[in-house]
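Numbering (our numbering), first residue to last: 103 to 480. Just so you know, even glycine gets a beta-carbon here, dropped at the ideal spot from N, CA and C. In this text the structure is predicted, and so the values were computed from the model without any measurement. Following: one structure in C-alpha cells, then a few remarks.
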Amino acid sequence: MILHVDMDAFFASIEQAINPRLKDKPLIVGSRGNKMRTVVCAASYGAKRMGIHSGMPSREAFRICPELEFVPADQSKYIWTSEQIFELLKGYDLPLKYASIDEFQLEVSGCPDPLNLAKNIKAQIYANFNITASVGIAKNWILAKLASKLNKPDGLTVIGAGNFEQVLRQTPLDKLCGMGGKTGANFMASGMKTCWDLYLNLPGFFEISENANIGESYHNSGKPGENPGKSDELPKSVSHSYTLPQVKINPQVIRAWIRLLSEMVATRLRQQDLVSQTVHLWLNGPQIGGFGAQKTYQWATSDGQEIYQRAVKIMAKLAPKSPGIRAIGVTCSSLSKAIYQPLLSEDVRREGLIKALDRINNRFGEGAIHPAITILTR
Ligand SMILES: [Mg+2]
C-alpha cells in the first residue's frame with residue numbers, strides 16, 4: 103500500500119505562504135526575471151482556474167489576466183522547503199521515497215490506519231509550512247499518484263477495491279502518469295479514452311507497477327541532497343587541460359579553447375551522473391606565468407555552456423590581463439550525484455537538448471556536434 107503526497111501548486115504556494123500580500127491572488131512564478139519575456143513555471147490555483155498553466159508564455163498569461171501577480175522563481179527556496187518536508191515525513195519512520203521536488207511516497211502496508219496517517223501528514227505540512235498537499239492512497243504507486251491528483255487542491259483520495267472501476271472509468275487516460283506523451287497518444291489513437299479502457303486492454307499494467315516500485319527504491323535514510331555511503335566513492339574532480347602549439351593572443355580563440363575544455367569536462371561529468379559546483383580555471387602564458395583561480399556556485403551543473411560561462415567570468419574578473427596564453431585547464435570539483443530533475447521549463451528544454459547532443463556524439467564520435475565557437479580550435 104502506497105501513500106503518495108503531492109504538494110499543491112508547490113512553487114506558487116510557497117511564494118504565497120511567504121508573502122501574505124500574494125495570498126489568494128492569481129499568481130504565476132516565472133522561470134526568469136523579465137515578467138513579459140519568460141515562461142510560467144508554476145501557477146497558483148487562482149490563476150489555474152482562469153486557464154493559465156505552466157509552460158505557457160508569461161505574455162499570454164498576462165493577456166488572460168492583466169492583474170496577475172508575478173514572482174521570479176527562486177529554486178533555493180523550493181528545494182529547501184522540499185527537504186524540510188522530506189525531514190518531516192522521515193519522522194513517521196516508514197519506508198520513504200523522494201519522488202520529485204514536490205512528491206513523496208510512503209510504503210504504508212504495515213500501517214494500521216493509512217487514512218488517519220494521511221490526515222495527520224496533511225495537517226503537519228500545513229501547520230509547518232502554511233501550504234497544502236494532496237494525498238492519494240492505493241495498492242501501488244501508479245494508482246496512489248493518480249489518486250493524489252483527483253481531488254486537488256488539499257485532496258485526500260483512496261483508490262481501493264470498492265471504487266477501482268468507478269474511478270478508472272471516470273478518469274481520462276492522459277491523467278495517468280506516463281500517459282502524457284507518445285505512449286498515451288498511441289493508446290488513445292487505438293481507441294482508449296479512459297484509464298478503465300487501458301485496464302480492460304492491459305490489465306497487467308496496474309499490477310506490474312506494483313512490483314516495480316516496492317523494494318530497493320524505498321529507503322529509510324538520507325536526505326534528497328545526500329547520497330549516504332556513496333560520498334567517498336565520488337571522484338574529487340574532473341579536469342581537462344591543453345597546451346597550445348604556440349602562444350595564442352586572440353581572445354576569441356582562447357575562449358574557444360575554454361569552451362572546448364568545458365564541454366569535455368561536462369561530458370565526463372554527465373557520463374558519471376555527476377554535477378559540479380566549483381569551477382577552477384588555470385592559464386599559463388609568457389607574461390602571466392601560471393595563474394589559477396576558482397569560484398564555487400550555489401547551483402551544481404553538468405552543462406558545458408554553464409561551466410564555460412563560469413570559467414570565462416573567472417578569467418575576466420580574476421586573471422591578470424595578458425595578450426598571450428600557452429596552456430589552459432578547466433577543472434570541476436565539489437561534485438555530487440545528479441539527483442534533481444530540472445525545475446524550470448527552460449532548464450527542462452535545455453536538458454533535453456543536452457541529452458540529444460550526447461546521443462549524437464555517442465553514436466557518431468565525440469565532437470560530431472559541437473558549439474560553433476570551438477571551430478576556432480581547429
Ligand atoms: Mg505537485
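Looking at C-alpha atoms only, which residue of the options is the closest neighbour of residue i?
i	options	result
asparagine 253	Arg372, Ile239, Glu453	Ile239
glycine 282	Glu365, Leu248, Gln177, Gly306	Leu248
leucine 245	Ala291, Phe307, Glu185, Ser184	Phe307
asparagine 230	Arg480, Gln374, Ile116, Ile104	Ile116
cysteine 434	Ile477, Trp384, Leu478	Trp384
isoleucine 223	Leu363, Gly469, His106, Ile456	His106
alanine 225	Glu171, Ile427, His342, Met109	Met109
aspartate 204	Val210, Lys251, Ser133, Pro174	Lys251
glutamine 411	Ala440, Gln374, Leu362, Glu448	Leu362
glycine 212	Lys241, Gln373, Leu124, Pro168	Lys241
isoleucine 441	Pro197, Gln374, Gly469	Gln374
glycine 262	Leu217, Ile471, Ala291	Leu217
glycine 157	Pro168, Val450, Tyr301, Gly469	Val450
lysine 125	Ala201, Pro168, Asn232	Asn232
glutamine 272	Val173, Tyr301, Ser292, Asp256	Tyr301
glutamate 185	Leu196, Ser202, Pro305	Ser202
histidine 342	Pro353, Ala291, Ile409	Ile409
lysine 338	Pro353, Pro305, Gln379, Gln354	Gln379
glutamine 177	Lys419, Pro122, Gln400	Gln400
Spell out the partners DSSP gives residue i in its beta bridges.
i	result
glutamine 396	His382
alanine 429	Thr345, Asn386
valine 131	Ala144, Val173
leucine 376	Lys439
leucine 105	Leu208, Ile239
lysine 224	DSSP lists no partner for lysine 224.
glycine 391	Gly387
valine 340	Cys434
lysine 350	Ile427
threonine 493	With the chain covering 103 to 480 only, the question about residue 493 has no answer from this structure.
threonine 403	Ser378
Verify whether the separation of the beta carbon atoms of residue i and residue j is less than 7 Å.
i	j	result
methionine 294	leucine 275	yes
serine 404	alanine 368	yes
tryptophan 298	leucine 270	yes
alanine 413	isoleucine 475	no
glutamate 365	glycine 406	yes
valine 340	leucine 371	yes
glycine 394	asparagine 386	no
tryptophan 243	glutamine 207	yes
proline 446	alanine 358	The sequence given here has leucine at residue 446, not proline. Result no, Cβ atoms of leucine 446 and alanine 358 do not sit closer than 7 Å.
serine 436	threonine 398	yes
lysine 113	tyrosine 180	Per the sequence shown, residue 113 should be read as phenylalanine rather than lysine. Taking 7 Å as the Cβ cut-off, phenylalanine 113 and tyrosine 180 qualify as a contacting pair.
isoleucine 227	alanine 235	yes
valine 377	alanine 402	yes
asparagine 396	serine 424	Here residue 396 turns out to be glutamine, not asparagine, going by the sequence shown. Not a contact, by the Cβ cut-off of 7 Å.
glycine 426	isoleucine 351	yes
cysteine 143	alanine 175	yes
methionine 103	valine 210	yes
leucine 346	arginine 480	no
serine 146	leucine 170	no
glutamate 448	serine 133	yes
valine 131	valine 173	yes
Tell me the start and end of each unbroken beta strand (DSSP E) in the region 236-301 that is at least 3 residues and wholly inside, in chain order.
258-260
Quick check: the region 179-194 against the region 150-159, are there 3 or more CB pairs under 8 Å?
no
Identify every run of the beta strand (DSSP E) within the region 135-222, keeping only runs that are complete inside it and at least 3 residues long; order them along the chain.
Secondary structure in the region 135-222: the beta strand (DSSP E) runs of 3 residues or longer, each lying completely within the stretch, are 142-145, 171-174, 198-202, 205-209 in chain order.
Any contact between the region 414-423 and the region 449-469? By contact I mean 3 or more CB pairs, one from each, below 8 Å.
no
Just checking, does the region 125-143 make contact with the region 151-168 on the three C-beta pairs under 8 Å criterion?
yes
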